[in-house]
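Q: In the working numbering, the protein residues as written are 45 to 286. Just so it is clear, CB atoms sit at the ideal spot from N, CA and C, and this is done for glycine as well. I have a structure I would like to understand better, so I am pasting it below and will then ask my questions one at a time.
Right, dumping it as structure tokens:
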């Protein structure tokens with residue numbers, strides 16, 4: 045199991061909200077990333093939370109800066125809408141890109157990107173919201189807009205188009221620290237054929253252990269509990285390896 049730190053960034057600050065809303069500033073992204081790296085994090089996901097609204101990602105310079113001293117895989121997301129954006133992200137030092145809104149608006153983006161850069165660099169980022177009994181919908185623009193797609197159909201599409209892995213965030217659980225969205229995971233698990241990163245809702249080490257015990261091939265991306273120092277990376281590592 046990979047333990048992945050997720051940082052959502054707005055205007056050069058790490059921010060955190062609940063259900064992707066009500067954002068508050070946490071701190072300086074470079075300092076936080078360096079701290080997580082030295083504490084033993086396996087990977088880092090960095091999302092520009094307003095990039096899709098403004099049609100651009102402002103974090104290329106941050107990626108260039110941190111990759112001089114950070115040597116774990118880094119995924120960059122937010123506002124990735126073209127082959128050119130992906131090329132710029134990878135040339136800035138990112139190992140992978142996470143694509144959400146750009147793929148919903150142009151499903152062939154993932155197909156073309158995986159053909160050009162290799163599927164291992166392309167992460168399908170899905171923000172899922174429950175819209176009915178056992179029914180979820182992918183949202184775009186940082187959980188602000190409906191896609192009018194069915195989640196399971198969308199998962200099939202991005203996998204068929206060659207994504208290397210899937211980052212699945214539960215909008216309903218995100219930031220609540222009430223535990224991962226087990227109903228959501230169980231609903232889609234039979235359709236997942238790529239490595240899955242589960243995000244949204246982690247509140248304790250027990251929540252992580254629940255994923256490890258029940259979904260042995262999956263990884264977790266966590267934010268609040270690290271940002272607010274409720275659990276430490278070293279404690280997580282101790283528990284999942286014991």
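Below 8 Å, how does it come out for the segment 168 to 180 and the segment 198 to 217: are there three or more Cβ pairs, yes or no?
A: Cβ pair count under 8 Å is three or more, so yes.
Q: Quick one, are the C-beta atoms of residue 236 and residue 205 less than 9 Å apart?
A: No, the pair does not count as a contact, with Cβ atoms beyond the cut-off.
Q: Beta-carbon separation of residue 166 and residue 130 under 9 Å?
A: Contact: yes.
Q: Alpha carbon to alpha carbon, how far is residue 222 from residue 2? Give it in angstroms, no decimals.
A: Residue 2 is absent from the structure shown; the chain starts at 45 and stops at 286.
Q: In angstroms, rounded to a whole number, what distance separates the CA positions of residue 239 and residue 107?
A: Distance between the alpha carbons of residue 239 and residue 107 is about 24 Å.
Q: Residue 174 by DSSP, collapsed to three states: which one?
A: Here residue 174 sits in strand by DSSP.
Q: Closer than 9 Å, CB to CB, is residue 266 near chain C or not?
A: The chain inventory of the structure shown lacks chain C, comprising one protein chain alone.
Q: Please give the ranges of any alpha helix (DSSP H) in the segment 184 to 215, keeping only runs that are unbroken, at least 4 residues long and fully inside the region.
A: DSSP runs (the alpha helix (DSSP H)) wholly in the segment 184 to 215: 195 to 204.
Q: Could you check how far apart the C-beta atoms of residue 48 and residue 86 are, in whole angstroms? I think they sit under 8 Å.
A: The pair is a contact, with the Cβ atoms about 6 Å apart (cut-off 8 Å).
Q: With distances taken from CA atoms, which of 57, 158, 109 and 148 is nearest residue 141?
A: Nearest option by C-alpha distance: 158.
Q: Closest by CA to residue 79, which one among 171, 115 and 69?
A: The option with the nearest alpha carbon to residue 79 is 115.
Q: How far does the beta strand (DSSP E) with residue 153 in it reach, from first residue to last?
A: Note, residue 153: premise wrong, no beta strand (DSSP E); alpha helix (DSSP H) at 152 to 161.
Q: Is residue 82 buried or exposed, if buried means 16 or more other CB atoms sit within 10 Å of its CB?
A: It is exposed - the Cβ of residue 82 has fewer than 16 other Cβ atoms within 10 Å.
Q: Return yes when the Cβ of residue 195 is within less than 9 Å of the Cβ of residue 170, no when it is not.
A: Taking 9 Å as the Cβ cut-off, residue 170 and residue 195 qualify as a contacting pair.
Q: Quick one: is residue 264 buried, meaning 16 or more other Cβ sit within 10 Å of its Cβ, or exposed?
A: With 16 or more Cβ atoms within 10 Å of its Cβ, residue 264 is classed as buried.
Q: In whole angstroms, give me the CA-to-CA distance for residue 225 and residue 244.
A: Each residue's Cα considered, the two are about 7 Å apart.
Q: What's the call for residue 168, buried or exposed, on a 16-neighbour Cβ count within 10 Å?
A: Under this definition residue 168 is a buried residue.
Q: Taking the C-alpha atoms as reference points, what is the distance between residue 176 and residue 228?
A: Cα-Cα distance, rounded: 12 Å.
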